[in-house]
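Below is the structure:
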């Protein structure tokens, strides 16, 4: 039996994702830290659970993040998501515990994403989306008030696959935070770019995200090298490192994402 070349393996796998169902869909590598609201070009019935765990080394304390997230496609090209992100804090170097931020369920996030352009010949997809984040009071003051503010986050995604293995993506939009008590607004702008190499004939990849946030007089960037590994046909794990650039209070970080797609078929 003739051995299948790497190029043929890639073509077969891309065809399994793109060519067996309608409507058309392009295989893209999705970033692991700033992830999307369902795949670009989502097909009705797709669904996914995510569990995330992270650690950030700050100057005075460690912060631990955890999230649970469910995303699904109720119709072709439309993805919806609900996420609950938590943060917990631990002191460093003799820092007094009462000087730490309080542990909290950060918010209730609901989101939608519509893929308005999907071109298999161009291997390109584009989507518009919106995340609404109901910010909650910390556990120390939980319920007083229950919802302390809101974050409005419209965004644009443009993704392109170059050949069969190289993937690039831009995810960008403003984040407008409103404090209900003071009625003040604070606006920042995110530009997240990512580049990935997908391993031949698999959903495994290695890559990097560049997460950039701009304010009026501030610019922060974190470089996040990452890899994704398939454990089973419907189960993957993502491993992410974080290297801050021009951040005053944050040092290295790490993040782990467990991805389960019930009913997933190749």
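In the working numbering, the protein residues as written are 759 to 1024.
Glycine included, every Cβ here is placed at the ideal spot set by N, Cα and C.
Quick caveat: nothing in here was measured; it's all calculated off a predicted structure.
Can you give me the Cβ contacts of residue i inside the same chain, cut-off strictly under 6 Å, excluding the 5 residues immediately before and after it?
i            : result
residue 1017 : 808 and 994
residue 916  : 884 and 928
residue 868  : 840 and 890
residue 1021 : none
residue 760  : For residue 760, the predicted structure reports a pLDDT of 49, less than 50, and the residue's modelled location is therefore unreliable. The matter cannot be settled from this model.
Give the DSSP-derived three-state secondary structure of residue i in the structure shown.
i            : result
residue 992  : coil
residue 983  : strand
residue 812  : strand
residue 904  : coil
residue 796  : coil
residue 910  : strand
residue 1002 : strand
residue 760  : Because the pLDDT at residue 760 is just 49, under 50, the model does not fix this residue reliably, and the point stays unresolved.
residue 779  : coil
residue 790  : coil
residue 801  : coil
Considering only residues of the same chain and omitting the five flanking positions on each side of residue i, which have a CB-CB separation below 7 Å?
i           : result
residue 860 : 896, 897 and 898
residue 865 : 843, 891, 892, 893 and 894
residue 787 : 925, 954, 956, 963 and 965
Per DSSP, which residues does residue i bridge with? Please list them.
i            : result
residue 867  : 841 and 891
residue 897  : In DSSP, residue 897 forms no bridge with anything.
residue 1020 : None; residue 1020 has no bridge partner.
residue 915  : 885 and 929
residue 819  : 849
residue 1014 : 811 and 997
residue 831  : Its beta-bridge partners do not exist; DSSP assigns none.
residue 806  : 829
residue 875  : 884
residue 784  : DSSP output for residue 784 lists no bridge partner at all.
residue 836  : 833 and 872
Output needed for residue i: all residues of its chain with C-beta closer than 8 Å, excluding positions within five of it in sequence on either side, in chain order.
i           : result
residue 902 : 895
residue 833 : 802
For residue i and residue j, which I take to be in contact (beta-carbon distance under 8 Å), what is that distance rounded to the nearest angstrom?
i           : j            : result
residue 751 : residue 946  : No statement about residue 751 is possible, as the shown extent of the chain runs from 759 to 1024 and does not include it.
residue 796 : residue 871  : 6 Å
residue 815 : residue 1009 : 4 Å
residue 819 : residue 858  : 5 Å
For residue i, decide whether its Cβ has a neighbour in chain D, counting only Cβ atoms nearer than 7 Å.
i            : result
residue 1019 : Included in the structure is just one protein chain, with no chain D present.
Quiz prompt | Within the stretch 918-991, ranges of the beta strand (DSSP E) (whole runs, at least 3 residues) | solution = 924-937, 942-956, 963-972 and 977-990
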